[in-house]
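Counted from 1, the sequence shown has number 477 at position 466 by this note's numbering; the numbering is strictly sequential.
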Amino acid sequence: IINYSSFTDETSLEPNTTTTTSTTTQNTTTTTTLTTTSASGNTTQTPSPAASVSINVTWTFNNEINVTNVVMNIYNLRSSQWAAIGLGVKEAMGEAHVFMCKQLANNTIVINRYINPNKHEHPEHAGSEQGGILTPVQQQFRDGVVICQFTLSNFNIETFQQLKTISPLSQTASYHPLFAVGLLNSTNDPQKHFDDSHTALSEFVQLNQNKTILYKINSTDDGGSLTFVRVHGAIMVFTWILIISTGVLISRYFKNSWATNFICGKAAWFAAHRFLMSMGAILTVLGFLFILVFNQGSWVEKGPTRAFAHSITGVIAISFAFFQPFIALFRCEPDSRFRFIFNYIHAFVGFSAFILSIAALFLATYFRILKDTKARLFMILWIGWIGLIFIAFEIIQSYFRKKSNESGYSNINVSNTTIGEIVESPKSSTTNLTHFVQQQENTLERKLKHVLLAIHVLIAVIIAIMMTIFIFST
């Protein structure tokens, strides 16, 4: 079973919606649950009369005759209620082709086809002119279960017309599944669905592919199933917001400032950078293992969704972080004429991973586990701060470089080796080295850099802690 519920980006839906998908060789199954906890998380809404309704929708496609057979099993549906599945182009309640199963006051079961034009307008009856012919097969109430079975066929008949903004139904088009439950009025027309009884799925489905979708409203979830997801999120937040960012800044801007300080015979900047980045790589792989276990070794369903985009940007960042320490093992000596090759590759891989991590973290704020928090605001603040801190360091370094008439210095140097790179493995005396560094970087510059680094660490810690609180509080 592939469970990627916490990574479903349901931007237009009720809070706390869970989607679980499992895939077999021929059929796919999707499960959706919806709770009634408010967005604030402090109050609980009174369940609607349809809060206990659950739906099992299965369709099979016969490619020899191009017929899709659909079976809806609806549990806990009461008299004068309706339950429906919609197929919409957008991941939101609104414009869609709707197939509705009604249980009338006398327990008679009726299947109707509708379209929802222009967002939330009242549904209108639809027929073959909207693509395909609906043929009822079974409509009954048996052992407390409402069964609605119908076929969709004759999609090749070119007699349909486009009504308002709804494109004709197609067996080959991709749709987001939409679910809703509501009451019938005295004339058996559907009233608006309940607030706690509708949702949309981020995945895409097609009528020419076998599919099973399980929708259960207001199911009990103590959050235990999301433990691995929460741990994954917390690890990635602290790793990339605090550890990696600090390691990048130290490597890029403190080679000269810390050139005369040594840890285990290595320059302090190099020892700190190596420790932070190695720790970051280990934690990144560990965080990936948590989500891999949660998904039971399977991948998020492919499609134009934030969940899939998060998985791609995330796995590339993880791959870069994993291979970066191994790339460092093959670096040349600091004074080698080929050292610039390593410098460029190392910088490209590192900064690419860092940028991708920001994208992956931002996409994660749209998922259910963070959607109804201020996590996105904190990520926007983080993105702004990262840009600001790099600009500030560049300005300081450029200013003092010009002031001291220094030229040719670069942290990623093609032709010259900085004093910080030389003391990666020191070969000269500390006395001469100290004199050189003091000439190269004055006290004011070092103080400003240290203040900026301290501010950065403080802000990174605050943002990481707040993001983690959001992850575990929802």
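Each residue gets a CB set at the ideal place from its N, CA and C atoms; glycine is no exception.
Pull up the DSSP beta-bridge partners for residue i, would you.
i	result
Y113	Sequence inspection shows Lys at residue 113; the Tyr mentioned does not correspond to that position. K113 is bridged to W93, V121.
S244	For the record, residue 244 in the displayed sequence is Gly; it is not Ser. DSSP output for G244 lists no bridge partner at all.
N73	V78
M83	V68, C159
A279	Beta-bridge pairing links A279 to no other residue.
L195	P201
H209	A191
Y186	V216
I261	None, per the DSSP bridge assignment.
P147	F161
L469	Note: L469 sits in no beta bridge, so no partner.
I126	H108, E135
R153	V156
I274	K277
Using 10 angstroms around the beta-carbon of residue i, count the other beta-carbons present and answer buried if the total reaches 16, otherwise exposed.
i	result
N196	exposed
W280	buried
Y461	In the sequence as displayed, the identity of residue 461 is His instead of Tyr. Counting Cβ neighbours within 10 Å, H461 comes out exposed, since fewer than 16 surround it.
Q450	Unreliable placement is indicated for Q450, whose pLDDT of 47 sits below 50; the coordinate value is still reported in the next sentence. The residue is exposed, with fewer than 16 neighbouring Cβ atoms inside 10 Å.
L523	Lying outside 12 to 485, the shown extent of the chain, residue 523 is not represented and no answer is given.
Y264	buried
Y355	exposed
K414	exposed
C112	buried
K438	Note on K438: pLDDT 46, under 50, position unreliable in the model; the coordinate value appears next. Looking at its Cβ environment, which holds fewer than 16 other Cβ atoms inside 10 Å, K438 is exposed.
A95	buried
Q173	Low confidence applies here, because Q173 scores a pLDDT of 48, under 50, leaving its location unreliable and the question unanswered by this model.
S208	buried
L486	No statement about residue 486 is possible, as the shown extent of the chain runs from 12 to 485 and does not include it.
Q271	Note that residue 271 is Thr in the sequence shown here, rather than Gln. It counts as buried.
I85	buried
T231	The pLDDT assigned to T231 is 39, lower than 50, so where the model puts this residue is not dependable, and the model offers no usable value.
S409	exposed
Just to confirm before moving on: does the CB-CB distance between residue i and residue j stay below 7 Å?
i	j	result
F365	I329	no
G291	I246	no
N199	L88	no
R241	F483	yes
I120	Q92	no
A137	I126	yes
A471	S262	no
H357	F301	no
F337	C343	no
V157	A61	no
G143	L180	yes
F205	S59	yes
Spatial neighbours of residue i within its chain, please: C-beta separation below 8 Å, excluding the five flanking residues on both sides.
i	result
F249	L294, A475, T479
R457	S268
F331	V360, G361, S363, A364, L367
N333	For the record, residue 333 in the displayed sequence is Phe; it is not Asn. Taken in chain order, the residues that qualify are A292, T295, V296.
F341	F353
I394	I369, F373
Within the same chain, show all residues whose beta-carbon is closer than 7 Å to that of residue i, passing over the 5 residues directly before and after it, in chain order.
i	result
K101	H187
H321	F18, A371, L374, A375
T183	Q217, N219
L459	I407
G361	V259, Q335
L464	L260
P201	W93, M111, P134, G193, L195
M390	L372, F373, T376
Please list, in chain order, all residues of the same chain as residue i whose beta carbon is under 6 Å from its beta carbon, the five residues on each side excluded.
i	result
F411	E456
I274	A282
F239	F301, V304, F305
Should the segment 366-373 be regarded as contacting the segment 322-339, the criterion being three or more beta carbon pairs within less than 8 Å? yes
For the 8 Å Cβ check, are there 3 or more pairs between the segment 212-228 and the segment 61-72? yes
So, does the segment 142-162 touch the segment 69-84, judging by three or more C-beta pairs under 8 Å? yes
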